[in-house]
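Undergrad: First the structure, then my questions, so here it is.
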Amino acid sequence: MRAITIPEPGGPEALVWAEVPDPEPGPDEVLIDVRASAVNRADLLQRQGHYPPPPGAPAYPGLECSGVIAAVGAEVTAWGVGQEVCALLAGGGYAERVAVPAGQVLPVPAGMAVVDAAALPEVACTVWSNVVRLAGLTKGETLLVHGGGSGIGTFAVQLGAALGATVVVTARAAKHARLRELGAAHTIDYREQDFVEEVRRVTAGRGADVVLDIMGAAYLSRNVAALATGGRLVVIGMQGGRNGELDLGLLLAKRASVHATALRSRPPEEKAEIVRGVREQVWPLVEAGMIQPVVDRRVPMTDAAEAHRVVEANQHVGKVLLIR
1 MRAITIPEPG
11 GPEALVWAEV
21 PDPEPGPDEV
31 LIDVRASAVN
41 RADLLQRQGH
51 YPPPPGAPAY
61 PGLECSGVIA
71 AVGAEVTAWG
81 VGQEVCALLA
91 GGGYAERVAV
101 PAGQVLPVPA
111 GMAVVDAAAL
121 PEVACTVWSN
131 VVRLAGLTKG
141 ETLLVHGGGS
151 GIGTFAVQLG
161 AALGATVVVT
171 ARAAKHARLR
181 ELGAAHTIDY
191 REQDFVEEVR
201 RVTAGRGADV
211 VLDIMGAAYL
221 SRNVAALATG
231 GRLVVIGMQG
241 GRNGELDLGL
251 LLAKRASVHA
261 TALRSRPPEE
271 KAEIVRGVRE
281 QVWPLVEAGM
291 IQPVVDRRVP
301 MTDAAEAHRV
311 VEANQHVGKV
321 LLIR
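Heads up, the sequence shown is in our numbering, so the first residue is 1 and it goes up one at a time.
Structure follows, in structure tokens:
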């Protein structure tokens, strides 16, 4: 088969479409003929040499895919050849085929094109596991989402709104209209406005119950300041650095909490548990039209370098898909 390889770390030009060995599904795995994958920030880091795949994962980028099952392992009973599916991957989505544990596979939502389903697994599993399962967002609470124009951000806005939360989002001003269409109640231009002041203003001084953060160190102190009493900050990215200062006194006074999580490095059994939760709680919202895949553009997989340039420029809204 062919896949996007990274012979040497570097810029987008380091991505090379090349012939590689065919994957073989293990006893508890399915083999997927890939129709589409999607670009995630982790892929950019892997290309640069900063985020190697976990042990046992394919060497090629790609944390999600959609396609058609081509083969199943001897122990797999829940899936069959010919089914249209999407899947959460530890790597290998930028390829013609990928083998994945059966517990990380999801059906393509009813009525959705198989290609568009590639925009869902990574963001659905990341957002649900952090905002709902870990932080316990409930109806009537306020959710602050940073990086609202990203794949994670656009999904978090929709999920929060579907759950009955008031969603506040930070993003470039050019993306605000689309984010309001997706369900954001309030939009903040992080380049021109102080998000702590804005969150306090729109919540009458109360603050955010849950903050979903991709920035890390650069936003740590301000995120704590923006929390409501009993608030929960969940850090899922470090685009703003990894070492920050935490005011424990303020955290104690607010009886608040800070969580930091990663998805890719979790063992398959933990990922399978998250995937089950997404199928039970999120897929019905998708099939009811309350959440939709937000696709900025579709790029041929052989032009993955161009897709990486688009994501690095941060001008897109939602996901950039790689199509075979």
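Cβ atoms here follow ideal geometry from the backbone N, Cα and C, with glycine treated the same way.
#1: Please state the DSSP three-state secondary structure of Glu75.
#2: Tell me whether Ile32 sits in a helix, a strand or coil according to DSSP, three-state version.
#3: Tell me the rounded alpha-carbon separation between Pro55 and Lys271.
#4: Can the beta-carbon of Asp119 be found closer than 8 Å to that of Val278?
#5: Can you tell which of Arg191, Asn314 and Ala38 has its C-alpha closest to the C-alpha of Val123?
#6: Check for me: the beta strand (DSSP E) holding Ile188 runs from which residue to which?
#7: For the beta strand (DSSP E) that Leu106 lies in, which residues bound it at each end?
#8: Does DSSP put Ile274 in a helix, a strand or coil?
#9: Would DSSP call Ser265 helix, strand or coil?
#10: How far does the beta strand (DSSP E) with Arg2 in it reach, from first residue to last?
#11: Determine the burial state of Asn314: buried for a count of at least 16 other Cβ atoms within 10 Å of its Cβ, exposed for fewer.
#12: DSSP has Val157 in a bridge; who is on the other side?
#13: Secondary structure at His176, three-state DSSP: helix, strand or coil?
#14: Could you compute how far the alpha carbon of Glu273 sits from the alpha carbon of Pro267?
#15: Can you give me the C-alpha to C-alpha distance between Arg172 and Leu220, rounded to a whole angstrom?
#16: Would you kindly work out how many angstroms separate the C-alpha atoms of Val234 and Glu84, rounded to a whole number?
#17: Which value, in whole angstroms, describes the spacing of the CA atoms of Tyr94 and Leu15?
#18: Can you tell which of Gly183, Ala174 and Arg178 has its C-alpha closest to the C-alpha of Glu192?
#19: Roughly how many angstroms lie between the CA atoms of Leu31 and Thr302, to the nearest whole one?
#20: Can you say whether Gly231 is buried or exposed, counting buried as having 16 or more other CB atoms within 10 angstroms of its CB?
#21: Can you give the Cα-Cα distance for Leu134 and Gly11, rounded to whole angstroms?
#22: Among the candidates Ala117, Ala262, Glu198 and Gly318, whose CA atom is the shortest distance from the CA of Glu287?
#23: Would you kindly work out how many angstroms separate the C-alpha atoms of Ile291 and Ala36, rounded to a whole number?
#24: Enumerate in chain order the residues of its own chain whose CB-to-CB distance from Arg333 is below 7 Å, with the five nearest sequence positions on each side excluded.
#25: Classify Ser129 as helix, strand or coil using the three-state DSSP reduction.
#26: Could you pull the start and end residues of the beta strand (DSSP E) that Lys319 belongs to?
#27: Under a Cβ-count criterion, where at least 16 other Cβ atoms within 10 Å of its own Cβ denotes burial, should Ser265 be classed as buried or exposed?
#28: Does Lys319 pass the burial test, meaning 16 or more other C-beta atoms within 10 Å, or should it be called exposed?
#29: Would His146 and Thr126 be called neighbours here (beta carbons separated by less than 8 Å)?
#30: Using CA atoms only, rank isn't needed, just tell me which of Leu182, Ser257, Val105 and Ala3 is closest to Trp79.
#31: Name the residue from Val299, Leu252 and Gly207 whose alpha carbon lies nearest to the alpha carbon of Ala226.
#32: For the alpha helix (DSSP H) holding Asp43, just list the boundary residues, first then last.
#33: Following the continuous alpha helix (DSSP H) through Glu306, name the residue where it begins and the one where it ends.
#34: Considering Pro377, what are the terminal residues of the alpha helix (DSSP H) in which it resides?
TA: This is what the structure holds:
#1: Along the sequence shown, one-based indexing puts residue 75 at 75. In the structure shown, Glu75 sits in coil (DSSP, three-state: anything other than H, G, I, E or B).
#2: One-based indexing of the sequence shown puts residue 32 at position 32. Here DSSP, grouped into helix, strand and coil, assigns Ile32 to strand.
#3: Your numbering for residue 55 matches position 55 in the sequence shown. Your numbering for residue 271 matches position 271 in the sequence shown. Roughly 15 Å separates the two Cα atoms.
#4: In the sequence shown, the residue the question calls residue 119 occupies position 119. In the sequence shown, the residue the question calls residue 278 occupies position 278. The sequence shown places Ala at residue 119, rather than the Asp named in the question. Not in contact: Ala119 and Val278 (Cβ atoms no closer than 8 Å).
#5: Here the question's residue 123 lines up with position 123 in the sequence shown. When each option's Cα is compared against that of Val123, the closest is Ala38.
#6: For the purposes of this step, residue 188 is identified with residue 188 of the sequence shown, where counting begins at 1. Where Ile188 is concerned, the enclosing beta strand (DSSP E) stretches over His186 to Asp189.
#7: What you label residue 106 is simply residue 106 of the sequence shown in a count that begins at 1. Secondary structure note for Leu106: its beta strand (DSSP E) is the uninterrupted segment Val105 to Pro107.
#8: The sequence position of residue 274 within the sequence shown is 274, counting from 1. The answer is helix: DSSP assigns Ile274 an H, G or I state.
#9: Walking along the sequence shown from the start, residue 265 turns up at place 265. Coil.
#10: Counting from one through the sequence shown, the residue named residue 2 turns up at place 2. First-last of the beta strand (DSSP E) with Arg2: Arg2 to Thr5.
#11: In the sequence shown, counting from the first residue as 1, residue 314 sits at position 314. Looking at its Cβ environment, which holds fewer than 16 other Cβ atoms inside 10 Å, Asn314 is exposed.
#12: One-based indexing of the sequence shown puts residue 157 at position 157. According to DSSP, Val157 shares a beta bridge with no other residue.
#13: Numbered from 1 along the sequence shown, position 176 holds the residue referred to as residue 176. Residue state, collapsed to three classes: helix.
#14: Position 273 of the sequence shown, counted from the start, is the residue given in the question as residue 273. Position 267 of the sequence shown, counted from the start, is the residue given in the question as residue 267. The alpha-carbon atoms of Glu273 and Pro267 are separated by roughly 10 Å.
#15: Numbered from 1 along the sequence shown, position 172 holds the residue referred to as residue 172. Numbered from 1 along the sequence shown, position 220 holds the residue referred to as residue 220. Rounded to the nearest angstrom, the gap between the Cα atoms of Arg172 and Leu220 is 20 Å.
#16: Numbered from its first residue, the sequence shown carries residue 234 at position 234. Numbered from its first residue, the sequence shown carries residue 84 at position 84. Approximately 33 Å between the Cα atoms of the pair.
#17: Counting from 1 along the sequence shown, the entry for residue 94 is found at position 94. Counting from 1 along the sequence shown, the entry for residue 15 is found at position 15. Rounded to the nearest angstrom, the two C-alpha atoms are 10 Å apart.
#18: Counting from one through the sequence shown, the residue named residue 192 turns up at place 192. Measuring from the Cα of Glu192, the nearest candidate turns out to be Ala174.
#19: Here residue 31 corresponds to residue number 31 of the sequence shown, with the count starting at 1. Here residue 302 corresponds to residue number 302 of the sequence shown, with the count starting at 1. Each residue's alpha carbon lies about 21 Å from the other.
#20: If you number the sequence shown from 1, residue 231 lands on position 231. The residue is buried, with at least 16 neighbouring Cβ atoms inside 10 Å.
#21: The count along the sequence shown starts at 1 and reaches residue 134 at position 134. The count along the sequence shown starts at 1 and reaches residue 11 at position 11. Cα to Cα, Leu134 sits roughly 35 Å from Gly11.
#22: Your numbering for residue 287 matches position 287 in the sequence shown. Answer by Cα proximity: Ala117.
#23: Along the sequence shown, one-based indexing puts residue 291 at 291. Along the sequence shown, one-based indexing puts residue 36 at 36. Pairing Ile291 with Ala36, the inter-Cα distance amounts to about 20 Å.
#24: Absent from the model: residue 333. The displayed extent of the chain is 1 to 324, so no value can be given.
#25: Translated into the one-based positions of the sequence shown, residue 129 becomes position 129. DSSP, read as helix, strand or coil, puts Ser129 in helix.
#26: Here residue 319 refers to the residue found at position 319 of the sequence shown. Run containing Lys319: Lys319 to Ile323, per the beta strand (DSSP E) assignment.
#27: Stepping through the sequence shown from its first residue, residue 265 is reached at position 265. Of the other Cβ atoms in all chains shown, fewer than 16 fall within 10 Å of the Cβ of Ser265; this residue is therefore exposed.
#28: What you label residue 319 is simply residue 319 of the sequence shown in a count that begins at 1. Classification for Lys319: buried.
#29: If you number the sequence shown from 1, residue 146 lands on position 146. If you number the sequence shown from 1, residue 126 lands on position 126. Their beta carbons are not under 8 Å apart, which means His146 does not touch Thr126 by this criterion.
#30: Translated into the one-based positions of the sequence shown, residue 79 becomes position 79. Of the candidates Leu182, Ser257, Val105 and Ala3, the one whose C-alpha sits nearest the C-alpha of Trp79 is Val105.
#31: Position 226 of the sequence shown holds residue 226. Minimum Cα-Cα distance from Ala226 among the listed residues Val299, Leu252 and Gly207 corresponds to Gly207.
#32: As a first step, residue 43 is located in the sequence shown; it is residue number 43 there, counting from the start. Annotation: the continuous alpha helix (DSSP H) that includes Asp43 extends over Arg41 to Arg47.
#33: The sequence position of residue 306 within the sequence shown is 306, counting from 1. Per DSSP, Glu306 belongs to the alpha helix (DSSP H) from Ala304 to Ala313.
#34: Missing from the structure shown is residue 377; the chain here goes from 1 to 324 and no further.
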